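Q:
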Amino acid sequence: MNSSMEQWLVISNCQTFGLANCLQAQVADVQVTGVDTLLFNSDPDRFNADMDKYSTLFISDGVKAEIPSARIDAIADHVALPMLTFRAFHPDLVYLQHDGRPVVGPVGDYHSAIAYACFRAGLSVADTAARFNGSFLERCGYMAMWVPERDRLVDEMADFGLDIAAPIRTWGRHGAFMFSINHPCIHVLHNIASELLRAGGRTPVSGGIVPHDNLATGAAFAVYPEIGEALGVPGSYAFKDVGSYRPIDLEDFIAGCFASYGRIGAASIAPHPQFAQQVDYVEALI
Numbered sequence: 001m002n003s004s005m006e007q008w009l010v011i012s013n014c015q016t017f018g019l020a021n022c023l024q025a026q027v028a029d030v031q032v033t034g035v036d037t038l039l040f041n042s043d044p045d046r047f048n049a050d051m052d053k054y055s056t057l058f059i060s061d062g063v064k065a066e067i068p069s070a071r072i073d074a075i076a077d078h079v080a081l082p083m084l085t086f087r088a089f090h091p092d093l094v095y096l097q098h099d100g101r102p103v104v105g106p107v108g109d110y111h112s113a114i115a116y117a118c119f120r121a122g123l124s125v126a127d128t129a130a131r132f133n134g135s136f137l138e139r140c141g142y143m144a145m146w147v148p149e150r151d152r153l154v155d156e157m158a159d160f161g162l163d164i165a166a167p168i169r170t171w172g173r174h175g176a177f178m179f180s181i182n183h184p185c186i187h188v189l190h191n192i193a194s195e196l197l198r199a200g201g202r203t204p205v206s207g208g209i210v211p212h213d214n215l216a217t218g219a220a221f222a223v224y225p226e227i228g229e230a231l232g233v234p235g236s237y238a239f240k241d242v243g244s245y246r247p248i249d250l251e252d253f254i255a256g257c258f259a260s261y262g263r264i265g266a267a268s269i270a271p272h273p274q275f276a277q278q279v280d281y282v283e284a285l286i
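Per full-length UniProt numbering: the sequence shown = residues 1 to 286.
#1: Spatial neighbours of residue 29 within its chain, please: CB distance less than 8 Å, with the 5 preceding and 5 following residues excluded, ordered by chain position.
#2: Are the beta-carbon atoms of residue 113 and residue 279 separated by less than 8 Å?
#3: So for residue 90, helix, strand or coil by DSSP?
#4: So is residue 144 buried or exposed if we call it buried at 16+ other beta carbons inside 10 Å?
#5: Just tell me which of 11, 44, 132 has its CA closest to the CA of residue 81.
#6: Please report the residue range of the beta strand (DSSP E) in which residue 58 lies.
#7: What does the alpha-carbon distance come out to for the pair residue 284 and residue 120?
#8: Check residue 248 in the structure and name its three-state DSSP category.
#9: Nearest by alpha-carbon distance to residue 20: which of 56, 46, 52, 50 is it?
#10: Between the Cα of residue 115 and those of 91, 233, 254, 53, spot the shortest distance and give me the residue it belongs to.
#11: Roughly how many whole angstroms lie between the Cα atoms of residue 366 and residue 268?
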């Protein structure tokens with residue numbers, strides 16, 4: 001670390017390192033460091049000892065409760081970070097809980113509302129897979145999410161002083177710009193970083209290198225082909241787990257989910273409150 005340079009620190013969720021790298025790629029006179037909540041909590045004393053080295057902290061309000069011992073007051077300037085979510089590509093994705101902790105399935109914490117509702121209803125893997133068709137997805141409301149999700153995201157970013165009204169039009173030109181509802185592709189974070197710099201009175205360095213897409217190594221939820229067709233992007237029933245690039249097809253995904261639910265017991269699983277109404281609605285359609 002060049003101690004003569006101004007130092008910035010980024011603390012957020014799974015988007016931390018991509019955003020920190022994208023900030024660094026667009027500013028030459030600052031050293032940017034990313035520390036997500038898991039890394040911080042692995043050694044709070046070490047990270048707290050360095051807090052007074054930083055002039056600016058980029059932090060999401062939503063993560064502050066996860067790092068209660070962090071001495072963030074040692075940093076004078078705080079910049080509020082948004083936590084980007086977008087559901088139009090993956091409207092079927094939900095989180096499930098068991099004893100207050102996420103249920104882990106074949107693609108990490110990501111689950112299908114349709115698959116889980118079918119499991120609760122006692123359907124087989126084959127009968128569940130048959131529900132994944134354009135007609136049923138449309139009845140679930142999954143084909144009508146682009147406009148409200150786009151408008152929500154633009155408005156939320158505007159609340160942070162970030163203007164993405166123009167960039168969001170380009171994000172999906174070559175495919176879905178999200179790996180899941182909360183894992184954006186790196187070019188999205190690059191645009192967000194640009195807007196953060198502009199909001200802070202800086203001009204982003206243009207023409208530089210876009211950092212590697214670290215979230216590509218995480219779990220990825222399928223963009224169902226029927227939804228992809230409706231949104232004008234490629235789609236497939238290919239899922240993937242954390243740390244692996246091996247594709248998981250729809251039947252194997254459903255079977256893996258059912259195996260996880262069976263081990264835990266249906267009575268011990270509940271949707272995260274944010275998704276409970278959605279699961280109930282989907283189950284009523286089965």
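Idealized CB from N, CA, C, for every residue including glycine. These numbers come from a predicted model, not from an experiment.
A: Quick look at the numbers:
#1: In the sequence shown, residue 29 corresponds to position 29, counting from 1. Listed in chain order, the non-local C-beta contacts of residue 29 below 8 Å within the same chain comprise 5, 6, local neighbours out to five positions each way being set aside.
#2: Walking along the sequence shown from the start, residue 113 turns up at place 113. Walking along the sequence shown from the start, residue 279 turns up at place 279. Yes.
#3: For the purposes of this step, residue 90 is identified with residue 90 of the sequence shown, where counting begins at 1. Correct three-state label for residue 90: coil.
#4: Start at 1 with the first residue of the sequence shown, and residue 144 comes out as number 144. Within a 10 Å sphere around the beta-carbon of residue 144 sit fewer than 16 other beta-carbons, which makes this residue exposed.
#5: As a working mapping, residue 81 is identified with position 81 in the sequence shown. Per the C-alpha coordinates, the member of 11, 44, 132 positioned closest to residue 81 is 11.
#6: Start at 1 with the first residue of the sequence shown, and residue 58 comes out as number 58. Its beta strand (DSSP E) spans residues 56-59.
#7: The sequence position of residue 284 within the sequence shown is 284, counting from 1. The sequence position of residue 120 within the sequence shown is 120, counting from 1. Computed Cα separation, rounded: 11 Å.
#8: Taking the first residue of the sequence shown as 1, we reach residue 248 at position 248. Note: residue 248 maps to strand in three-state DSSP.
#9: Within the sequence shown, the letter at position 20 stands for residue 20. Cα-wise, what sits closest to residue 20 is 56.
#10: On the sequence shown, residue 115 is found 115 positions in, with the first residue counted as 1. Of 91, 233, 254, 53, the residue nearest in Cα terms is 254.
#11: Nothing about residue 366 can be read from this structure; the chain reaches only from 1 to 286.
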